[in-house]
Amino acid sequence: MIETDLPGDESPTLTDGILAAVDPARARDGIQRVLHAIRCHLGMNVGFLTEFIGPNRVFRYVDTDTVSLPLKVGQSLSLEQGYCLKVVQGRLPTLIVDTHDEPAALAIPETGTIPIGSHLSVPIRLRDGTVYGTFCCFSFEPRPSLNERDLAFFSTIADLVASQIDDQIATTRSLRAKADAIQAVIAEGGLDTVFQPIHRLEDRSIAAFECLTRFPKAPFKPVVEWFQDAVAVGCGLELEFAALESSVARLKAWPAPITASLNMSPRALLARDLAPILDGIDLGRIVVEITEHEQVFDYPRLNQVLDGLRARGLRVAIDDAGAGYSSLRHILLLRPDIIKLDLSLVRDIDRDADRQALADALTLYCRRSGIAIVAEGIETEAEFATLRRMGIELGQGYLLSRPGPLATWSDAAGHQKARSF
Numbered sequence: 012m013i014e015t016d017l018p019g020d021e022s023p024t025l026t027d028g029i030l031a032a033v034d035p036a037r038a039r040d041g042i043q044r045v046l047h048a049i050r051c052h053l054g055m056n057v058g059f060l061t062e063f064i065g066p067n068r069v070f071r072y073v074d075t076d077t078v079s080l081p082l083k084v085g086q087s088l089s090l091e092q093g094y095c096l097k098v099v100q101g102r103l104p105t106l107i108v109d110t111h112d113e114p115a116a117l118a119i120p121e122t123g124t125i126p127i128g129s130h131l132s133v134p135i136r137l138r139d140g141t142v143y144g145t146f147c148c149f150s151f152e153p154r155p156s157l158n159e160r161d162l163a164f165f166s167t168i169a170d171l172v173a174s175q176i177d178d179q180i181a182t183t184r185s186l187r188a189k190a191d192a193i194q195a196v197i198a199e200g201g202l203d204t205v206f207q208p209i210h211r212l213e214d215r216s217i218a219a220f221e222c223l224t225r226f227p228k229a230p231f232k233p234v235v236e237w238f239q240d241a242v243a244v245g246c247g248l249e250l251e252f253a254a255l256e257s258s259v260a261r262l263k264a265w266p267a268p269i270t271a272s273l274n275m276s277p278r279a280l281l282a283r284d285l286a287p288i289l290d291g292i293d294l295g296r297i298v299v300e301i302t303e304h305e306q307v308f309d310y311p312r313l314n315q316v317l318d319g320l321r322a323r324g325l326r327v328a329i330d331d332a333g334a335g336y337s338s339l340r341h342i343l344l345l346r347p348d349i350i351k352l353d354l355s356l357v358r359d360i361d362r363d364a365d366r367q368a369l370a371d372a373l374t375l376y377c378r379r380s381g382i383a384i385v386a387e388g389i390e391t392e393a394e395f396a397t398l399r400r401m402g403i404e405l406g407q408g409y410l411l412s413r414p415g416p417l418a419t420w421s422d423a424a425g426h427q428k429a430r431s432f
């Protein structure tokens, strides 16, 4: 019997099976549950769903109440064998109450060898009209109680399953297209790095730069979506390290040393030794900004990696404090050298007392702990003035400067004689 991960000995109701199929959170086993539920509802011994691939049918789902039937998920049999193709072609009826009364069924060897007494089978048709395969149930003995109403209900369930499969196919195609686009960008060296200055709010001079990745104009989508897509298709680390290598290459090519921050996820920091990538760069001028997009599950191990880099001069920043996974516990456990206030705290801070209070609290914590604080996303003079008045010394945002090639700030980037913040 195929395992269905059902608790205990309880059989699912037909409603349970239907809800499992339409609820995305239970999509993985939804079709299996539907198949099990409809088989039990009709009192059949075997249920399965096949996909037609070339001259064969592949069993994608199987559910049975017997262990004696040698039918397994993934098994491939010729379409000329059995009932499936014949039902699709109209050479067999979709409902056979008693195969002994159907000459075309008796002519099929499996009718006698399995044996098959009653049989229901309907095509799985996708939205574009393509026949994906068949949705089938059969019993070893005839089931006289089966009728056209059962067939109609069975067909409705098959339509539901077809919709689920259609969605799965669309998702698979979408993921494949995303993976191909990401691999092409990496293989062709299509990543670029731009630099956004971090300014001293006192005089708006440039203290450092943040390295930001840019992608080709086509297909256009926000940078964050490229990285989200990469994680979804299983090449998140590959893309992240390609972006890191692009940024480091730009830094190495610049004739003068500059202070720069590099964005990295906790997973990437734990995945590979950064020493070979950062070789030849003064780590005293490098800040690693730990991105907020994923949760840290192993702080001791992450701190061990960071401590090794810190021993060589590198500093650690927590990016987007106040958003995502950048919680107060996160800050305490990582012991950062720099905290960057998320733009959600900075936006409209000049007219929002709550934002000011929270930013004040973080600023006080940073002062007492010897941590530098940077305000991100400054877009208005009012926000700028408020942050200065609160004693925040560093910031970045479109009001001060937009990201661009390093050469845009050649004077500032060529005369950083010491670590700037």
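All residue numbers for the sequence shown refer to my numbering, where the first residue is 12 and numbers rise by one. In this text, a Cβ means the ideal position worked out from N, Cα and C, and glycines have one as well.
- No residue range can be given for histidine 111, since it is assigned to no alpha helix (DSSP H) and is classified by DSSP as neither H nor E.
- Residue range 392-400 is occupied by the alpha helix (DSSP H) that includes glutamate 392.
- If you draw a straight line from the Cα of valine 299 to the Cα of leucine 273, it is about 5 Å long.
- Arginine 102 and alanine 115 have their C-alpha atoms some 8 Å from each other.
- Note on geometry: alpha-carbon atoms of proline 268 and valine 327 lie some 19 Å from one another.
- Annotated three-state conformation of glycine 200 is coil, per DSSP.
- In terms of Cβ geometry, threonine 302 and aspartate 330 form a close pair [threshold 7 Å].
- Within a 10 Å sphere around the beta-carbon of aspartate 371 sit fewer than 16 other beta-carbons, which makes this residue exposed.
- DSSP places arginine 323 outside both helix and strand once states are collapsed to three, so it counts as coil.
- Uninterrupted beta strand (DSSP E) stretches at least 3 residues long and entirely within the region 245-278 occur at 271-275, given in chain order.
- The Cβ atoms of glutamine 175 and isoleucine 49 lie no closer than 7 Å to each other.
- Secondary structure of valine 98 (DSSP, three-state): helix.
- Residue environment for isoleucine 193: buried (at least 16 other C-beta atoms within 10 angstroms of its C-beta).
- Restricting attention to Cys51, Gly295, Leu343, the CA atom closest to the CA of arginine 323 is found in Gly295.
- By the Cβ-count criterion, aspartate 191 is exposed, with fewer than 16 other Cβ atoms from all chains shown falling within 10 Å of its own Cβ.
- Taking C-alpha positions only, aspartate 365 is separated from leucine 373 by approximately 13 Å.
- Here isoleucine 64 is bridged, per DSSP, to Asn67.
- Residue state for aspartate 170 is assigned as helix, using DSSP reduced to three classes.
- In the structure shown, glutamine 207 falls within a strand segment according to DSSP collapsed to helix, strand and coil.
- Distances from the alpha-carbon of tyrosine 310 to those of Asp284, Leu280, Gly291 put Leu280 closest.
- Look at aspartate 177 here: in three-state DSSP terms it is helix.
- One thing to note: alanine 383 has its Cβ no nearer than 7 Å to the Cβ of glycine 406.
- Beta bridge pairing from DSSP links tyrosine 143 with no other residue.
- According to the DSSP assignment, glutamate 236 belongs to no beta strand (DSSP E) but to the alpha helix (DSSP H) extending over 234-243.
- In this structure, the CA atom of glycine 54 is about 59 Å from the CA atom of asparagine 314.
- Distances from the alpha-carbon of leucine 354 to those of Ile389, Asp361, Ser380 put Ile389 closest.
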